[in-house]
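All remarks here apply to the structure that follows.
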RNA sequence: GGCGGUGUAGCCAAGUGGUAAGGCACGGGUCUGCAAAACCCUAAUCAUCGGUUCAAAUCCGAUCACCGCCUCCA
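Structure below.
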């Protein structure tokens, strides 16, 4: 079967053909670490983690690189405001990022490079662009000659004339006066204040511009041409456009085969983009104090990466409901696998499993259509729940189903903790007492015991196979 | 102004020419001593108008509304 991926460059779904059979090289633009990530940032991380996990599910070996932008204007300003250093600020929020994403069950990248650890390579890269005539130095700044790159604007379908007009409205005069052309962008910025973080370079003390670091790290760690480059839709222009210009001007090779952009998290009735400038964001750090990370993760994974998600309480609640159902199914599945009853062969069930797997893959292969995939997963749970109510179950088939369901849930970043088969004597004793009471039809005592257990956070389920319990 | 996206039942949402998947919520029912869990049943003609076609949510045209990028942003 063929996987199809929507390529922003061509605005079409294309057959995915990796550069090297069985391997995927992926670069995803990471955060600027001057604050906790908010849910919109998390969406991007989750979307590409899900994509990565699906590639892995399909047997690909994924080399996944995601950077930290640990120096730029915002970093400098924030550090200044907090009377700390850019380095300390970076340490703090990189740590927070790793904690938040771990809670959301994000697989760490194969590599998390940082801009400030690549300064030498960045300088060499910029120098190369100067040598090739694609860049020029002015008063310690270095700019990229955008017009010289023939395909400038190809990713975002912008034409130079329009860009120029747009740029003229937003340009700051000082920068404008230095540039040869308003559409040029900075590769290197000269140090402005004495105490401002800076490195020595052929153009004096300064620091890298924003776009260059990704070109450098992507080519350095993954090669001149990579399979997939990802990020939020807001990075299409100018960030990714500029990355293409920088990288292809330097290497003379195609930079990226498939550009993938995730949709935004929106907020409120108007469905506005969640963003720092609109002050309508919720940080992951804060929200996880109130909600189960697994629920947030599943909610964010449950919409195809290109579509917007309108963040809502309802959506979270729905995700939680569905998640609980899977948890119950798996729990009941385990109970039946462990019970004493004879097994039987249910060919209908076995066929259903085979078919579900094929359908799941078909859905996901189509540009990660998670809505359809989840619908198939949901149906599988229904099939299993029905089967589990029978007096005799097909244990080998259930084992297979369990593996399938767990593997699928993992693609969406959900892994239920193995219920430790903790032999809690006290609870077992209370349940035994309750069973005794029920046998004697002493409902008052039975209900009293159930309430007592409930108070301890224990949920009771009476089934034809006996009483089961789990923690709420 | 340029480029892009969205509009399907109360809510989320699939579906890109063949006559509207699925989920949540609501309601009804089955099972249960009662619960819990689970299962079953139940709803929309697809923003508006016009066109093409035997046939359109799906194609074409126009209109309306909302969002995003073009300036730091996942």
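Numbering (this note's numbering), first residue to last: 273 to 744.
C-beta: ideal position from N, C-alpha, C; glycine also.
- Burial check for residue 679: the Cβ neighbour count within 10 Å stays below 16, so the residue is exposed.
- By a beta-carbon distance limit of 8 Å, residue 302 contacts residue 341. Their separation comes to about 7 Å.
- DSSP places residue 332 outside both helix and strand once states are collapsed to three, so it counts as coil.
- If you look at residue 372, you'll find it in the alpha helix (DSSP H) that goes 358-375.
- In this structure, the alpha-carbon of residue 528 lies about 25 Å from that of residue 433.
- Inter-segment contact for the segment 549-564 and the segment 460-473 is absent: fewer than three beta-carbon pairs are separated by less than 8 Å.
- Out of 627, 540, 549 and 489, the CA that lies nearest to the CA of residue 587 is found in 540.
- Looking only at 344, 395 and 373, the smallest Cα-Cα distance to residue 362 is reached by 344.
- Two segments are said to touch when three or more pairs of C-beta atoms, one from each, lie closer than 8 Å; by this definition the segment 612-626 does not touch the segment 292-312.
- In this model, residue 524 and residue 602 are separated by some 53 Å (Cα to Cα).
- If you compare the alpha carbons of 417, 575 and 420 with that of residue 316, the shortest gap goes to 575.
- In terms of CA proximity to residue 456, 510 leads the group 308, 510, 391 and 504.
- Under a 10 Å Cβ-count criterion, residue 550 is classified as exposed, with fewer than 16 other Cβ atoms of the shown protein chains found around its own Cβ.
- Per the C-alpha coordinates, the member of 470, 533 and 537 positioned closest to residue 387 is 470.
- For the pair residue 328 and residue 636, the Cα-to-Cα distance works out to about 12 Å.
- If you compare the alpha carbons of 390, 331, 385 and 306 with that of residue 354, the shortest gap goes to 306.
- For residue 732, the enclosing beta strand (DSSP E) covers residues 730-735.
- Here DSSP, grouped into helix, strand and coil, assigns residue 417 to coil.
- In the displayed model, residue 306 falls within coil according to three-state DSSP, outside both helix and strand.
- The beta carbon of residue 633 is closer than 8 Å to those of 273 and 330 in its chain, skipping five residues each way along the sequence.
- The three-state secondary structure of residue 714, taken from DSSP, is coil.
- At a Cβ-Cβ threshold of 8 Å, residue 522 and residue 497 do not count as neighbours.
- The distance from the Cβ of residue 427 to that of residue 416 is about 15 Å, inconsistent with a contact at the 8 Å cut-off.
- If only complete runs of 4 or more residues are kept, the segment 539-577 shows the alpha helix (DSSP H) at 556-559 and 565-573, in order along the chain.
- Contact annotation: the segment 648-661 does not touch the segment 693-707, with fewer than three C-beta pairs closer than 8 Å.
- Annotation: residue 457 is outside any alpha helix (DSSP H); the continuous beta strand (DSSP E) that includes it extends over 457-462.
- Here residue 389 is exposed, its C-beta having fewer than 16 other C-beta atoms within 10 Å.
- Residue environment analysis places residue 616 among the exposed positions, since fewer than 16 neighbouring C-beta atoms fall within 10 angstroms of its C-beta.
- Closest option to residue 304, judged by alpha-carbon separation, among 677, 483 and 284: 483.
- For residue 273, there is no enclosing beta strand (DSSP E), as DSSP marks it with neither H nor E.
- Using a C-beta cut-off of 8 Å, the segment 531-538 makes contact with the segment 578-587, since at least three inter-stretch Cβ pairs fall below that distance.
- Around the beta carbon of residue 396, a 10 Å sphere encloses fewer than 16 other beta carbons of the protein chains shown; the residue is thus reported as exposed.
- Per DSSP, reduced to three states, the secondary structure at residue 641 is coil, with no helix or strand assignment.
- Per DSSP, reduced to three states, the secondary structure at residue 583 is strand.
- Between residue 494 and residue 398 the beta-carbon gap is near 20 Å, outside 8 Å, which marks them as no contact.
- According to the DSSP assignment, residue 534 belongs to the beta strand (DSSP E) that extends over 528-534.
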